[in-house]
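According to the numbering used here, the sequence shown is numbered sequentially starting from 825. Cβ coordinates follow ideal geometry from the N, Cα and C atoms, glycine included. Report on the following structure.
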Amino acid sequence: MNEDKPGGQRPPLPKRKYIRLPLAAYADRFSTFHIIIDALDRKTHFGAREFNDGVVAILRGLALKYECPVKIYCLMPTHLHLMVSPGLRPLIDFLGEFKKKSADLARETRGITKLWQRSFFDHRLRSDESAAEQLDYIRANPVRAGLVTNPNDWPWTGSVEV
């Protein structure tokens, strides 16, 4: 029996704050977002060359299919960075399809039952200066993590022009 309240009932949990922008923002083709998608529990799932290449191929294929310009992507051992603008479909749909297809690949090839955390972090960029700073930040991520000494040496950084 729960002792939190007389009668053994727990007090209701506080309502979770909705942190997303209005859905229309994710469809605005003039917006650019810095997106971070974490592996579930920040596990190091992205360490095998063939698997990483497959995840990047899915990302690139969907970006081309939906004309979704990816200014830069960087697949790190525990997460993915994207600087991306919406294309033919809202970004929420694009990311959902990417997460599903890459999770299917993880299950089929590596036996990973849950690849990604439920949501993602997003930041809508407000200026060209901010975009340049974010691009540099994403590009330098493998160097900061001690994975390479030169950002050009990281094989899972690139862009998708549409």
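Starting from residue 855, follow the alpha helix (DSSP H) in both directions and report where the run begins and ends.
-> The continuous stretches of alpha helix (DSSP H) do not include residue 855, and DSSP gives it neither H nor E.
Is residue 880 helix, strand or coil by DSSP?
-> Residue 880: helix per DSSP, three-state reduction.
Touch test, the region 870–886 against the region 948–960, Cβ-Cβ under 8 angstroms, three pairs minimum = Put simply, the region 870–886 does not touch the region 948–960. Fewer than three CB pairs are less than 8 angstroms apart.
What three-state label does DSSP hand residue 916 in the structure shown?
-> Shown here, residue 916 sits in a helix according to DSSP, grouped into three states.
Where residue 885 sits in the DSSP three-state scheme | Assigned with DSSP and collapsed to three states, residue 885 falls in helix.
Do you know whose CA, among 857, 835, 969, lies nearest residue 909's CA?
-> Minimum Cα distance to residue 909 is reached at 857.
Stretch-stretch touch, CB-based, cutoff 8 angstroms, three pairs: the region 897–904 with the region 865–876 | Yes, the region 897–904 is in contact with the region 865–876.
Near residue 926, which residues of its chain fall below 6 angstroms by C-beta distance, leaving aside the five closest residues on each side in sequence?
-> Result list for residue 926: 879, 882, in chain order.
Segment contact flag, the region 843–852 with the region 912–924, C-beta cutoff 8 angstroms, min 3 pairs = Contact between the region 843–852 and the region 912–924 is present: 3 or more CB-CB pairs across the two stretches fall below 8 angstroms.
Mark residue 922 as exposed unless 16 or more other C-beta atoms lie within 10 angstroms of its C-beta, in which case mark it buried.
-> It counts as buried.
Got a sec, what are the start and stop residues for the beta strand (DSSP E) residue 948 sits in?
-> It spans 945–948 - the beta strand (DSSP E) in which residue 948 sits, taken as one unbroken run.
Who are the near neighbours of residue 978 in its chain, counting only those whose CB is closer than 6 angstroms to its CB and skipping five residues on each side?
-> The beta carbon of residue 978 lies closer than 6 angstroms to those of 966, 972 in the same chain, with the five residues before and after it left out.
With a threshold of 16 other CB atoms inside 10 Å of the CB of residue 985, please say whether the residue is buried or exposed.
-> Its Cβ having fewer than 16 others within 10 Å, residue 985 is exposed.
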